[in-house]
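Read in order, the letters of the sequence shown are residues 1 to 171 in full-length UniProt numbering.
For glycine and all other residues, C-beta sits at the position ideal for the given N, C-alpha and C.
Reviewing the structure listed below.
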Amino acid sequence: MYDEILLPSDGSPAATGALDHALDLAATYGSRLHVLYVVDQSAVDSIVSESELVAVALEGEGTEAVDAIERRAAERGVDVVTDVLTGHPARTILDYATGHDIDLLVMGTNGRTGLDRYLLGSVTERVVRNADVPVLVVRRPEASEAPEAPEESEASESSTVSETSTYETVE
C-alpha cells in the first residue's frame, strides 16, 4: 500500500511526533522511509555576509537530525534513506516526493492559528494543498493536552510508561 513514505523533518517537537507515526507505518507496511531535512534557502539568503557559514551550519544540523532518525529506524528494522537538501521547504518536499515516487507523506505541525498562521504560513499546509499523494498530518499536542503524570502514590521510580499505536488496513 505504502512502499515509499516521506518524513520531512526539521528536528522540531512537531516533526518528532510525526516520526513515531512514520516509523509505525513503515514497520507495519514494510515500507522504505525517506527522511528529508530541507535547509531553508531564505534563511541562508537573509544573512548575506555570512551565508556560506550559515549554510554549512544548517546542513550540519540537518545531517545530525536525519542521522538520529536513521538510528531510530534501524532499531525498528525499518529501511531508511536520508537526504539534506537546500531550497524552499514546501517546494523542495513536493519535488522530492515526485522524484522518488513517494506514496505517503507524514508531516508534523504545531497547529498554529490566527495571526501567527497568517503571518508565518505553514510549510505543512502548503504541502497538503499541493501534494499529489496522501499527506498524514500529525499535530503536536499542546502542553495542556499532554497526558498527566501519575500521582506520587501511583508510580514508583522503577515504573515505566509505554505508549503504543495500532494501525488497521481499511479497504
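Straight-line Cα distance separating residue j from residue i
| i | j | result |
| --- | --- | --- |
| residue 22 | residue 125 | 18 Å |
| residue 17 | residue 138 | 7 Å |
| residue 104 | residue 59 | 25 Å |
| residue 79 | residue 31 | 7 Å |
| residue 151 | residue 2 | Unreliable placement is indicated for residue 151, whose pLDDT of 44 sits below 50; the coordinate value is still reported in the next sentence. Using only the alpha carbons, I get a separation of about 41 Å. |
| residue 88 | residue 9 | 14 Å |
| residue 65 | residue 11 | 6 Å |
| residue 123 | residue 57 | 21 Å |
| residue 7 | residue 69 | 10 Å |
| residue 25 | residue 75 | 15 Å |
| residue 67 | residue 95 | 22 Å |
Under the three-state DSSP convention, the category residue i falls into
| i | result |
| --- | --- |
| residue 17 | helix |
| residue 108 | strand |
| residue 5 | strand |
| residue 81 | strand |
| residue 32 | strand |
| residue 23 | helix |
| residue 133 | coil |
| residue 40 | strand |
| residue 91 | helix |
| residue 162 | Bear in mind that the predicted position of residue 162 carries a pLDDT of just 35, short of 50, making it too unreliable to give a figure here. |
Close beta carbons around residue i, own chain, < 6 Å, minus the five adjacent residues each side
| i | result |
| --- | --- |
| residue 128 | 135 |
| residue 15 | 9 and 108 |
| residue 13 | 140 |
Sequence-distant residues of its chain with Cβ nearer than 7 Å to residue i (five each side left out)
| i | result |
| --- | --- |
| residue 101 | 4 |
| residue 73 | 23, 33 and 80 |
Pick from the options that is closest to residue i, judged by C-alpha positions
| i | options | result |
| --- | --- | --- |
| residue 28 | 98, 77, 38 and 37 | 77 |
| residue 82 | 140, 25, 38 and 20 | 38 |
| residue 86 | 36, 25 and 75 | 36 |
| residue 90 | 41, 25 and 69 | 41 |
| residue 71 | 57, 19, 92 and 93 | 19 |
| residue 131 | 93, 140 and 110 | 93 |
| residue 110 | 95, 140 and 69 | 140 |
Whole-number beta carbon distance between residue j and residue i, since they are thought to touch under 8 Å
| i | j | result |
| --- | --- | --- |
| residue 62 | residue 84 | 4 Å |
Own chain partners of residue i with C-beta closer than 8 Å, once the 5 adjacent residues on each side are dropped
| i | result |
| --- | --- |
| residue 133 | 97, 102, 103, 104 and 105 |
heavy atom of the ligand PLP below 7 Å from residue i C-beta
| i | result |
| --- | --- |
| residue 69 | Ligands displayed in this structure: none; no statement on the ligand PLP is therefore possible. |
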